[in-house]
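Asks: Input: one structure, supplied below.
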Amino acid sequence: MLNFSDLLPYTDMFLGGLLTTLELTVLTTVLGILVGTTCAAIRQYGSVGSKRAVAAYVELIRNTPFIVQLFFIFFGLPSIGLMLTPWQASIIALTINLGAYSTEIIRAGLSNIPKGQWEAAKVLGLNFRQTLIRVIFTPAFEKIYPALTSQCIIVMLGSAVLSQISVEDLTYAANLVQSRNFRAFESYVVTALMYLGLAMFMRYVFTLIGKRVFAFREAQ
Amino acid sequence: MKALKQLLGKTLLATACLGTAVSAMADVLSDIKARDEIRIAVPQDFPPFGSVGADLKPQGIDVDMAHYIADQLGVDLTIVPVTSANRIPYLQTNKVDLVISSLGKNPEREKAIDFSTPYAPFFLGVFGDQSVAVGALQDLSGKTVGVTRGSVEDLELEKNAPSDVTIQRFEDNNTTLTAYLSGQVNLIATGNLVATEIAKRKPARAPEAKFMLKDSPCYIGMAKGEAALQSEVNAIIAKALAEGKLNDISVKWLKAPLPKGFGA
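Chains as they are written, first to last, in the numbering used here: chain A, 1 to 220; chain B, 221 to 484.
Below you can see the structure in the form of structure tokens.
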């Protein structure tokens, strides 16, 4: 009944899709965490007005479905003259989405840093930048690192929706292949395994990065 | 024995009579004229070909065509609503004289019934904004075309389009339609009915038919071997084409003129 050999002619398509998903994920993970870190810092240490702006952004994104955000950017924005390619729309949608979720995660880490740590850094003569990076953000990130890793993987899996706006990612490949050879089960099994592999790979890479960044822990 | 012979003779006579009756009925055109009535099967569940209007009367391309044919023959029209499943049995059991029900022609169907010349356009094609100059497949080179993934037009495009065409595939007809309406794509490959739908929703962006990918126009169906009826119906269709009636019907219901070379 099952016939995986029918998928062989489409190997390039699956690999191309996998590569696209990987590229999108790497790019948006970096951008999303940057947005998240900035917004978390603003929400923790910023002025009242900027705090409110960030809170509005976070609540708006966290309380609406990703596909609606994506359609709004891709199909909605052209009506005010902003035309984006499927690729650009995807990067923006994923970044905004991960940014909002990671803002809350990173803020949790920041609020966990005792005030005494700022004071200690000041006493030691560290400047603001040094204090922020070494004394505040590094330990804050260490605390929330597993949660952040999971969120990035969730966004990677959520990127499956991008096939709706004709981004040729892994899900797009699966849909196209099964529409061509009617081997739906086989092509989704292969796709699911590829997503699983990708998720495990991401967790592995995050662990490696974590070991480097939080090396001070092991030195203790 | 004599009684048996008589019975046999009566049976034969009856059979002969029945035979004459059948052969008399076989010329459907004279029957229509004698009856002063033509019975035409039309769909009522398939707009814009046939549906029930706000006044509860059948309306659509097929209904307009049925009225036109009855007018041209100078007989009364009886509309018989059918579905796509029972339209051919109605014809084969002589419950109707003609079937005007967006019938497509293929060799298998031609074994069962006869067809007229085409009366309405039904095709898959590439449609687009008036500003895009495209007239044939090779003109698509370097352009982007939106299409619904897995559809017949998707397969046609992939098979025949130049290799440097960007084909953007969307989930379903509605998303493809939205992609065109929002301006994300300026060319789409789809059926002419979907293009009609766009023209209805947003007349300002009504897509123009650029060229056909696959043509499958609609024909009028009739019982097999009715040469007189067939040539009469063909003559009426030819007249309707010549005097612009077919084009009027197309513009009225499909919001687009007949494609170039229709009926040729």
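Even for Gly, the Cβ is constructed at its ideal location relative to N, Cα and C.
Being a predicted model, the structure only gives us computed values, none of them experimental.
Mapping the DSSP letters down to three states, classify Thr386 (chain B) as helix, strand or coil.
Replies: strand
Asks: State the DSSP-derived secondary structure class of Met83 (chain A), mapped to helix, strand or coil.
Replies: coil
Asks: Enumerate in chain order the residues of its own chain whose CB-to-CB distance from Pro267 (chain B) is below 7 Å, with the five nearest sequence positions on each side excluded.
Replies: Gly280
Asks: Using a C-beta cutoff of 8 Å, does Gln350 (chain B) count as contacting chain A?
Replies: no
Asks: At 4 residues or longer, and completely inside the stretch 319-403 of chain B: list those alpha helix (DSSP H) runs for me, N to C.
Replies: 327-332, 372-380, 393-401
Asks: Tell me the rounded alpha-carbon separation between Lys434 (chain B) and Lys253 (chain B).
Replies: Straight through space, the alpha carbons of Lys253 (chain B) and Lys434 (chain B) are spaced by roughly 38 Å.
Asks: Answer with yes or no whether the minimum CB distance from Phe4 (chain A) to chain B is below 8 Å.
Replies: no
Asks: What residue range does the beta strand (DSSP E) around Ile258 (chain B) cover?
Replies: 257-263
Asks: Taking the straight line between their C-alpha atoms, what separation do you get for Leu8 (chain A) and Ile387 (chain B)?
Replies: 22 Å
Asks: For Cys438 (chain B), which residues does DSSP report across the bridge?
Replies: B:Ala340
Asks: Anything in the stretch 68-84 of chain A with a Cβ closer than 9 Å to a Cβ of chain B? List those residues in chain order, please.
Replies: Phe71, Phe74, Phe75, Gly76, Leu77, Pro78, Ser79, Met83, Leu84
Asks: For Ile33 (chain A), tell me which candidate among A:Ser187, A:Ile105, A:Ala120 has the shortest Cα-Cα distance.
Replies: A:Ile105
Asks: Do you know whose CA, among B:Gly411, B:Thr395, B:Asp468, lies nearest Ile67 (chain A)'s CA?
Replies: B:Thr395
Asks: With C-beta atoms as the reference, is Ala160 (chain A) less than 8 Å away from Thr149 (chain A)?
Replies: no
Asks: Hey, how far is the Cα of Val35 (chain A) from the Cα of Val346 (chain B)?
Replies: 42 Å
Asks: Tell me the rounded alpha-carbon separation between Lys325 (chain B) and Gln404 (chain B).
Replies: 36 Å
Asks: In chain B, which residues lie with their C-beta within 9 Å of the C-beta of Gln164 (chain A)?
Replies: Phe390, Glu391, Thr395
Asks: What does a CB cutoff of less than 8 Å around Val177 (chain A) pick up in its chain, not counting 5 residues either side in sequence?
Replies: Correct list, in chain order: Leu7, Tyr10, Met13, Phe14, Arg183, Ser187.
Asks: Give the residues of chain B in contact with Thr175 (chain A), contact being defined as C-beta atoms less than 9 Å apart.
Replies: Before going further, note that residue 175 (chain A) is Asn rather than Thr in the sequence given. Simply Arg369, Gly370, Arg389, Glu391.
Asks: Taking the alpha-carbon positions, what's the Thr398 (chain B) to Phe75 (chain A) distance?
Replies: 7 Å
Asks: In terms of alpha-carbon separation, which member of B:Lys465, B:Pro437, B:Ala409 lies closest to Pro341 (chain B)?
Replies: B:Pro437
Asks: Is Ser179 (chain A) close to chain B, meaning its C-beta is less than 8 Å from at least one C-beta of that chain?
Replies: yes
Asks: Just list the residues that DSSP pairs Asp169 (chain A) with in beta bridges.
Replies: Per DSSP, none; premise fails for Asp169 (chain A).
Asks: Please report the distance separating the alpha-carbon of Arg254 (chain A) from that of Ser163 (chain A).
Replies: Chain A is shown only over 1 to 220; residue 254 (chain A) falls outside these bounds and no answer can be derived.
Asks: So that I know if they touch, is there some Cβ in chain A lying closer than 8 Å to that of Gln264 (chain B)?
Replies: Closer than 8 Å: no.
Asks: Taking 8 Å as the threshold (beta carbon to beta carbon), is Thr398 (chain B) in contact with chain A?
Replies: Cβ-Cβ to chain A under 8 Å: yes for Thr398 (chain B).
Asks: What do you reckon, are the CB atoms on Arg307 (chain B) and Val295 (chain B) nearer than 8 Å?
Replies: no
Asks: Does the distance from the C-beta atom of Tyr439 (chain B) to that of Leu344 (chain B) stay below 8 Å?
Replies: Taking 8 Å as the Cβ cut-off, Tyr439 (chain B) and Leu344 (chain B) do not qualify as a contacting pair.
Asks: Counting only beta-carbon separations shorter than 8 Å, does Gly362 (chain B) have a partner in chain A?
Replies: no
Asks: Can the beta-carbon of Ala498 (chain B) be found closer than 8 Å to that of Tyr288 (chain B)?
Replies: With chain B running from 221 to 484 in the structure shown, residue 498 (chain B) is simply not present.
Asks: Looking at the unbroken beta strand (DSSP E) that takes in Leu8 (chain A), where does it start and where does it end?
Replies: Where Leu8 (chain A) is concerned, there is no enclosing beta strand (DSSP E), given that its DSSP letter is neither H nor E.
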